[in-house]
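Residue numbers (my numbering), protein chains in the order written: chain D, 1 to 485; chain U, 1001 to 1824. Beta carbons are placed, not taken as given, at the ideal position from N, Cα and C, and that holds for glycine.
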């Protein structure tokens, strides 16, 4: 931290210290911890002074990350040319000698493979969406499809790391860490940056969720994403020990605070008051989290809209509803990671299953946010780490084993909500869906744009580490103005 | 508020950057500005250089032709004109660089130019010379050694006074935790209180330095730096057995192995003339990096990654330089060229490791197996081979029978792709899942074969377990013929540029003439008194260990962009003192016996405003212990701790499903039983992709870390309030107190003292008694009481009344969470 910022942090603590020293103490702390304020006038907690740099269009982010890389040419990027050329070698003039993963790197036969299902246009904007995604198709007018994404990474883990941290090597802070570091959060009782994971039902993809996807890197560890678990307590160690009820715990914490107040008085160390509030917040979290995960007050119609798995902890549907409930309560950044999509050999059997898993929940989340008036200042992002090859991996006659390999050179991501030009598409690929033909968007551009929507100048949000001012966008990135509302 | 901030800003300018009315010092005042604001485009990186201007060398910056700096005349200097220009096209640094200069920085540059633009080198690149110990005002005669003289001199300059000494109980607790990572026992506290001789404290320090617990405490930070872990990281995250090296580190600290040898052994023990087993083992330091066993990865790409890691870890750990930037391009700030990077890299680029395979026991290795383990391994392998012999012909037949020729004449299988692939892998490379697939597929058709499959799988598991049960430590060795090293374009393993030979960075002192081009020469160059960085970096980290912040706050970066030392003379004095004999215990003794260290941590609001981070050390330090130490303290205080040293890592309490969830069920956590659970944190199994959840604010053990941050989040409080480790410790502590004492007050006092090493004050005792009363009411409910007393594996003393025991346990849990308990 910059020394001056440290100063400021200490000053704030000293204010608190001043109060506790004059005897307001724990009682005052309780009032500092706001519970029921509506989203609009919730107070910000933490974050850097003078941030945001300018008025933000979005206040919070829900990132529905699709690990494994969804196939753009089957789902969003409709290419009639592929049908015309079906089974024929994709022209060298398109491939331009680019490299592929070791799985098709040696394959010289690269027959064009058109979409395996049907495309149709939807909504006022006429977006092409696959019939595997009927719910997404219905909300097409809320979405902006960015069709000209590209990356430089061809393997899953480095590509995901690149997307979420700006570097293919682990160790940099992830997007959620940067945002909570810069902007703080709007809740003290729940983490500002929450991560939830799920995987496709058939468990067809072996990708694991590395914790560096939500690491705080060199930022203080409190900005690390808190991973909600898919079983048991969503937050580790949330429950009291066996036999200890809330009354016992409350009494203990009151006595603990009294003893800590004495330490504070003796030493004058403002860290002691931080400690007192830390324990109070832990207590609050113990009640907030169960309230958060209690879906009993959700209307049945809403629950149904998220699909049949909504009550199954650890499912994508459950996580989507949790994401909405978290941002409602002030969490800044919710990152869902859903593993699947890696159809090297099972496009014809797996893709539909996986689409069904995620389609209703993703669409329901957007609609639900809209219903609650939250969509205007919540940014929702849906997409994977790269696309899939417009050509076939495998043999054309072996229909059952059709697949597509990793394709970093073009893919589609959709965005919705705060500050996004809805009902549109941005950028386009060539006739084969192989590479951007117009308005290419690099990962760093994409990141710069997300920061921009949150009122941050990606070139200014930096942190000095090992002598260098690091940014999410490294030394690159241009805000993609064309997709802003 | 604004005024206060302004005052603070001024104070900052003094304390942090050290400029005042004194004359401008190039290295201290000017170089940091040039580096941070100008070097990006006018620094060492030739490819990034703009306008053919470089400002990082004297010759270039003060060039006569097209001069930009006219010594003595700031008004005629182009650099000043451009800095002060209001014209956006001319202004430097350009606006879009976000590197604008503050008025006081411009003032420094002008003052420097007017003073004749005297040049110098970055402070840490010149070897330290022992400065004279200052004579400082010390009316109370508190100074104990040279450290205090330097600290007092600075305080005097800042018009501050040192604090009184800490009271004895707090002092012995602080030093015992600092030197052993464990709290003092009540007996040790009593003995110290009773000892009124003038050297009572020194006696304690000497006892602690001689304790074998000292090595365990010191090892933790070294393991963080060495990215030590018990698994490989990445997908699969296979186990490794590097723990004999961990035990060696403990021993090395306990033996007080001089730091130069500690260095040479670890970097190049294998290259010593006739290396001992211990010297060879030490080199495992370099092999602690992650290993990528993902299928589809290119072996050479992995290998290069490993060598990058070795190079960068060595640079950070020993010379405090971040060389990683130069992997892809010349460093933007420090004089480290890309060529320097690959020359350093060349030293490590010589091992026979080829990057393939992904085993955590990749040769060269040292065997630490016992005879019994060796026999078990042989037997398991034999049983495995026997089954393979029976199963392989069957599988060959299955595949042959299913083979057809397609219309192009190529071989194809009529078996489902999944089954064909599982068969093709063979019994050794087959995953559990493949076995399931085969069993399912052939159940009806090939019952005899299917009967063999579970047996085969079991034999494989048994063989694998027997293999990994034998500790093999990966160590260093060089190929007989050196491998050629090339500069790699942007660090890409496949893009070779110019060839380089092993060498040290050109801007640092050269190797001795005729030094061979091997790791031993590099190690000796690092571990020499002439190296300007090694001793400084090492003493700074020791300082950081005891004061929370190093004299150089950026302990990971001693380069131009790093922070300058708060007490440069003290740092140099300590560095020279250290390098005389490289005596780590001596240096630590100096630090912890100084009056500076012994001060009370009490702080006034005024002092807090003046020096919130306590950089000037007008008071003792007080900060939260690392989470591993908090755990150890609880184990020690409760009497649960297993006192044994060394050996394979243990799996202690962890909520169910953590590994399983992170690895999709591939890694199953099997918690240990009995004594193993209560071993010190140092011995807890560290899975690289998902570290032990009982710890927080810890290094990730994935890459080198020499500084961890301390934060306070509610999640940490939840750990120490609710994790089995702490709840069980509280229950054991309550049991101990109940067994030893009869009255509430005595029991509470006993427990309190075991946690914070002092008796409660009257006011505290009253609160504790009140707390116990409240918990009694709660745990009058016997069912609840018994539930609490069942937490953790250790049995409770069933003779004790459950309600009473649980109530006291609840209070003890609170004690373990006291701010005073969490801090040292």
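Sequence-distant Cβ neighbours of residue 1820 (chain U) in its own chain, meaning closer than 7 Å and more than five residues away, are 1756. Between residue 1802 (chain U) and residue 1789 (chain U), the CB-CB gap stays under 7 Å. Secondary structure of residue 250 (chain D) (DSSP, three-state): helix. The bridge partners DSSP lists for residue 411 (chain D) are D:149. Under the criterion of beta carbons closer than 8 Å, residue 1684 (chain U) and residue 1627 (chain U) do not qualify as touching, at roughly 11 Å.
Per DSSP, residue 184 (chain D) has no beta-bridge partner at all. Residue 1787 (chain U) and residue 288 (chain D) have their C-alpha atoms some 25 Å from each other. Boundaries for residue 1134 (chain U): no beta strand (DSSP E) harbours it, and the DSSP string shows neither H nor E there.
Taking a Cβ-Cβ threshold of 9 Å, the residues of chain D close to residue 1655 (chain U) are 229, 232, 233, 236, 237, in chain order. Annotation: the continuous beta strand (DSSP E) that includes residue 335 (chain D) extends over 333-339. At a cut-off of 7 Å between C-beta atoms, residue 282 (chain D) counts as an interface residue with respect to chain U. Chain-ordered, the chain U residues with CB closer than 8 Å to the CB of residue 278 (chain D) read 1712, 1713, 1714, 1716, 1717. Of the residues assessed, residue 87 (chain D) falls on the exposed side of the cut-off, its CB having fewer than 16 other CB atoms within 10 angstroms. Residue environment for residue 1491 (chain U): buried (at least 16 other C-beta atoms within 10 angstroms of its C-beta). For the region 238-249 of chain D, the residues whose beta carbon sits under 9 Å from a beta carbon of chain U are, in order, 238, 239, 240, 241, 242, 243, 244, 245, 247, 248, 249.
The continuous alpha helix (DSSP H) containing residue 1752 (chain U) extends over residues 1744-1756. Interface flag for residue 1703 (chain U) against chain D is set, since a Cβ pair is found closer than 7 Å. In chain D, no part has a C-beta under 9 Å from the C-beta of residue 1307 (chain U); the shortest such distance is about 15 Å. For residue 144 (chain D), the secondary structure class from DSSP, reduced to helix, strand or coil, is strand. In the three-state DSSP reduction, residue 88 (chain D) falls in the coil class, being neither helix nor strand. Within the region 255-273 of chain D, the residues whose Cβ lies closer than 9 Å to any Cβ of chain U are, in chain order, 255, 256, 258, 259, 260, 262, 263, 264, 266, 267, 268, 269, 270, 271, 272. For residue 1229 (chain U), the secondary structure class from DSSP, reduced to helix, strand or coil, is coil. In the DSSP assignment, residue 1097 (chain U) falls outside any alpha helix (DSSP H), carrying neither H nor E. Exclusion of the five residues before and after residue 218 (chain D) leaves 171, 172, 173, 463, 465, 466, 470 as the residues of its chain whose Cβ lies within less than 8 Å of its Cβ. In the structure shown, residue 1366 (chain U) falls within a strand segment according to DSSP collapsed to helix, strand and coil.
Residues of chain U with a Cβ closer than 8 Å to the Cβ of residue 170 (chain D) are, in chain order, 1702, 1703. The three-state reading of DSSP puts residue 121 (chain D) in strand, counting E and B together. Beyond the five residues adjoining it in sequence on each side, residue 352 (chain D) comes within less than 6 Å, by CB distance, of 132 in the same chain, given in chain order. Judged by DSSP secondary structure, residue 199 (chain D) falls within the beta strand (DSSP E) whose first and last residues are 193-199. Rounded to whole angstroms, the Cβ separation of residue 196 (chain D) and residue 292 (chain D) is 12 Å, and the two are not in contact under 8 Å.
Contact annotation: residue 1282 (chain U) and residue 1266 (chain U) have beta-carbon atoms nearer than 7 Å. Of all residues in the region 1149-1176 of chain U, none comes within less than 8 Å of chain D when Cβ atoms are compared. Not flagged as an interface residue toward chain U: residue 421 (chain D), since no C-beta distance is shorter than 7 Å.
Residues of chain U with a Cβ closer than 7 Å to the Cβ of residue 226 (chain D) are, in chain order, 1715.
At the C-beta level, residue 1449 (chain U) and residue 1394 (chain U) come within 7 Å of one another. With fewer than 16 other Cβ atoms from the protein chains shown falling within 10 Å of its own Cβ, residue 1137 (chain U) counts as exposed.
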